[in-house]
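2 protein chains.
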Amino acid sequence: MEEAPARLRGKASWLINKVSLHSHRLRNEGLAAVDARAYHFSILAALEEFGPASQMTIGQRCGIDRSDTHAMVNELADQGFVVRAPDTMDRRRNVITITDAGRKRLDELDAVLGQVQRQLLAALSPAERKHLVALLSRVLDSHERTVT
Amino acid sequence: MEEAPARLRGKASWLINKVSLHSHRLRNEGLAAVDARAYHFSILAALEEFGPASQMTIGQRCGIDRSDTHAMVNELADQGFVVRAPDTMDRRRNVITITDAGRKRLDELDAVLGQVQRQLLAALSPAERKHLVALLSRVLDSHERTVT
DNA sequence: CGGATATCAGGGGTACTGAAATTC
DNA sequence: CGAATTTCAGTATCCCTGATATCC
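This is the structure we're talking about:
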């Protein structure tokens, strides 16, 4: 790409969008190599950290839409990384539980995504990477807290 | 959204994706209020800064796909903000030129997007906003330069 | 001829919406 | 009854590819 117009280059919204595209590409390439998708990692991470949960709860924790959560849980269940079982206490719910294979898968995907972070932020020093993560976290928090 | 899993919160790729979603939402809301789209601003900015150009060149400068460039130029031409004329030197090309109305429109959209930046980065101090833009610019440059 | 541009048709992924069925 | 959860069907936008026609 040629040099972009100054009015674009200076805008955070444009930069974030462009960096997000590179991030998407690197992430999907890395995960495709192990036959996984980004949502797989998100869901497994939520189940490992917070324990078994309904699909609704998983979606809220990961920021995944209810429709998409359903499809992704299906894929993970087909691969044996989670188990879907009806909740005996509240039969509207399904309880999703991570399996031992799912835990291994989570660690595998975490390693892949760690490498993706290094590729994505290769131009920054370790201290700068932490600073970028901190700044983005504060921006994100400010928008997610106001929703509630 | 509830608190996301730590494995997600710490990853730059995940943060960028989430922030990008908020950015998209704020930007589209702001632009929709004046009946515009993000690509309109990009194209007008490129024409104003670099002068009349073919659709191919505009696309390269703004990072817009050739198919989308065509449709967006159509919209801008319908609104009288640009003029499309065949290039007398090279009749494969269309030369796109910004109009006076287009220049006014560019300033209008720039003001809207300036407000969007302030909303998006409301949690950060002016110095932190500059730092974030600088970090993102370096990340972006490192990925766009290697492509060539 | 090869190479470049513009145009059209359409695919694929992601985020999202509406509505039905079930259960609390 | 209203509210919550799951599930399915479908929409919208964006990014991208393939193919064709035209012209250098």
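Chains A and B, in that order, give the protein sequences.
The numbering used here puts the first residue of the first sequence at -11, with every later residue one more than the last.
The numbering used here puts the first residue of the second sequence at -11, with every later residue one more than the last.
Here a beta-carbon is modelled for each residue, glycine too, at the ideal position from N, C-alpha and C.
Outcome for residue i when other beta-carbon atoms lying within 10 angstroms are tallied against a minimum of 16
i       : result
R49(B)  : buried
A26(B)  : buried
Q103(B) : exposed
V7(A)   : buried
R79(A)  : exposed
N62(A)  : exposed
G18(B)  : buried
R117(A) : buried
T136(B) : Bear in mind that the predicted position of T136(B) carries a pLDDT of just 45, short of 50, making it unreliable; the figure below should be weighed with that in mind. Exposed, by the Cβ-count rule.
T85(A)  : exposed
R133(A) : exposed
R93(A)  : buried
Below-8 angstroms beta-carbon distance, residue i vs any chain B residue
i        : result
L64(A)   : no
L19(A)   : no
P(-7)(A) : yes
A34(A)   : yes
A89(A)   : no
H10(A)   : yes
S125(A)  : yes
Amino acids of chain B, ordered along the chain, whose beta-carbon sits closer than 8 angstroms to that of residue i
i       : result
V22(A)  : The contacting residues do not exist; V22(A) stays about 16 angstroms from chain B at best.
R117(A) : A0
Closer than 8 angstroms to chain A by CB, residue i
i       : result
Q103(B) : no
S130(B) : yes
R49(B)  : yes
N5(B)   : yes
E37(B)  : yes
V61(B)  : no
L109(B) : yes
S42(B)  : no
D53(B)  : no
V70(B)  : no
Proximity of residue i and residue j at Cβ, strictly below 8 angstroms
i        : j        : result
L3(A)    : V121(B)  : yes
L123(A)  : A0(B)    : no
F69(A)   : L32(A)   : yes
R81(A)   : D75(A)   : yes
I46(A)   : A59(A)   : no
R(-3)(B) : S125(A)  : yes
A24(A)   : L128(A)  : no
V83(A)   : S30(A)   : no
E37(B)   : R91(B)   : no
R72(A)   : A65(A)   : yes
S11(B)   : N16(A)   : no
G51(B)   : A(-8)(A) : yes
A208(B)  : S130(A)  : Because chain B here runs from -11 to 136, residue 208(B) falls outside it and cannot be looked at.
Within chain A, the residues that residue i reaches when beta carbons sit closer than 7 angstroms
i        : result
K(-1)(B) : L101 and Q105
Residue i - DSSP class collapsed to helix/strand/coil
i       : result
R79(B)  : coil
P74(B)  : strand
A41(A)  : strand
T57(A)  : helix
I52(A)  : coil
H10(B)  : helix
V135(A) : Model confidence at V135(A) stands at a pLDDT of 47, short of 50, so the residue's coordinates are unreliable; what they give is reported in the following sentence. Here V135(A) sits in coil by DSSP.
Where residue i meets chain B, residues with beta-carbon distance less than 9 angstroms
i      : result
N16(A) : Ordered by position in chain B, no residue passes the 9 angstroms Cβ test against N16(A), which lies about 10 angstroms from the chain.
Residue i Cβ short of 7 angstroms to the ligand FMN heavy atom set
i     : result
S8(A) : As for the ligand FMN, it is missing from this structure, which has no ligand bound.
Listed by chain order, chain A residues near residue i by CB distance under 8 angstroms
i      : result
D98(B) : R(-5)
Contact set between residue i and chain A, taken where Cβ atoms lie within less than 9 angstroms
i      : result
S30(B) : A(-8), P(-7), R(-5), L(-4) and W2
Where residue i meets chain B, residues with beta-carbon distance less than 7 angstroms
i      : result
V83(A) : Chain B residues near V83(A): none, gap ~17 angstroms exceeds 7 angstroms.
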